[in-house]
Structure formats: C-alpha cells, structure tokens
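Asker: Pasting in a structure now, in structure tokens, and then I'll have a few things to ask.
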Amino acid sequence: MKVLIDTNGLMVPGQHGIDVFDELRRLGYDEFLVPSAVKEEVEALKQKVRGKDRLALSIASGLLDRCSVIEAPGSADDVLIALGKRLEAPVFTNDVILRKRLKAEGVRSIFMRSRHKLEMD
C-alpha cells in the first residue's frame, strides 16, 4: 500500500532515531511516495537551518533515495492533500496544522506517537 511522506516525517529518523520505513511497513505500507514539492522543501531548508535540524534534514535528504518521487510542484502541504485524496493514500506527518487539514479533506494521517512508534489517525 502507498503512503505519502511529508518533510517532517523524513526528519523523524534524525530527530528521534526511529526507523520510519520499518514502522510504516509495520502499519502495512510498502510504497513510500514523496512529492517533488517536499523534496524541494527538504533541500531548501537544509540551506537555512542549523544544528540538530540541519543534521535531521541531511538524513532526510539521504532517505529520499528510498522513496519514489512524484512530480508535483506547488505548496508541499497543498500537494500532499491533493495527492492523498487522488491516490487514497495516508500522509505521514507530525505537522498538527497539516493533520487538521488532512482530516477536514477526508485524508488519513500517520504520525509519531510517544517518540518511538507511528500511529494511524
């Protein structure tokens, strides 16, 4: 099954040491999709931030190789919502505002629960 991954979802391994791909597989997902808007956001943020977030973004950049990148320009959040609806796929994100928007649009979300596992909303 397909799952879309947001920028902060890609940052979880660098921030919390969780293997998100193992956790997503545990939930039944084996096709990891990243919109090109998210890939661009990761690269842009990597140039702007410092410290732990920069390290997490460097790790996130490396994790992109394990994902299929879907050509989808625009605002990362808007693209994730549109693709989630079109593909009927949940979005892995810890962004509270995005999760509320996804719920309002009828798109399920996956998020980090208690710093060591992922859970479906």
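All residue numbers for the sequence shown refer to UniProt numbering, where the first residue is 1 and numbers rise by one. From the three backbone atoms N, C-alpha and C, an ideal C-beta is built for every residue, glycine too. Source: prediction; values computed, not measured.
1. Compare the C-alpha of valine 69 against each of Lys117, Gly14 and Val34 and name the closest.
2. Specify, as a first and last residue, the run of the alpha helix (DSSP H) that residue 122 falls within.
3. Within the 8 Å Cβ cut-off, does serine 75 reach chain B?
4. State yes or no: is the C-beta of isoleucine 110 within less than 8 Å of the C-beta of leucine 55?
5. Determine the closest residue to methionine 1 out of Asp19, Val20 and Asp30, with distance taken between C-alpha atoms.
6. First and last residue of the alpha helix (DSSP H) that includes valine 107?
7. When you compare the region 69-88 with the region 99-106, are there three or more beta-carbon pairs, one atom per stretch, that lie closer than 8 Å?
8. Taking the alpha helix (DSSP H) that arginine 11 falls in, what are its first and last residues?
9. Tell me the DSSP secondary structure of arginine 113 in three-state form.
10. Hey, could you find the ends of the alpha helix (DSSP H) serine 61 is sitting in?
11. Using a 10 Å radius around the Cβ and a threshold of 16 neighbouring Cβ atoms, would you call glutamate 5 buried or exposed?
Answerer: On the basis of the supplied data:
1. Along the sequence shown, one-based indexing puts residue 69 at 69. Comparing Cα positions, the closest option is Val34.
2. With the chain running from 1 to 121 in the structure shown, residue 122 is simply not present.
3. Reference to chain B is not applicable here, since this structure consists of a single protein chain.
4. In the sequence shown, the residue the question calls residue 110 occupies position 110. In the sequence shown, the residue the question calls residue 55 occupies position 55. Result no, Cβ atoms of isoleucine 110 and leucine 55 do not sit closer than 8 Å.
5. Position 1 of the sequence shown, counting from 1, holds the residue named residue 1. It is Asp30.
6. On the sequence shown, residue 107 is found 107 positions in, with the first residue counted as 1. Counting along the chain, valine 107 falls outside any alpha helix (DSSP H), and DSSP gives it neither H nor E.
7. Using a Cβ-Cβ distance cut-off of 8 Å, the region 69-88 and the region 99-106 are in contact, since at least three pairs of beta carbons, one from each stretch, lie closer than that value.
8. Translated into positions along the sequence shown, residue 11 becomes position 11. Note that residue 11 is methionine in the sequence shown here, rather than arginine. Per DSSP, the unbroken alpha helix (DSSP H) holding methionine 11 starts and ends at 7-16.
9. Within the sequence shown, numbered from 1, the residue matching residue 113 stands at position 113. Note: arginine 113 maps to strand in three-state DSSP.
10. Locating residue 61 in the sequence shown gives position 61, where the first residue counts as 1. Counting along the chain, the alpha helix (DSSP H) containing serine 61 begins and ends at 51-63.
11. Counted from its first residue, the sequence shown places residue 5 at position 5. One point to set straight first is that residue 5 is isoleucine, not glutamate, in the sequence displayed. A residue is called buried once 16 or more other Cβ atoms fall within 10 Å of its Cβ, and isoleucine 5 is buried on that count.
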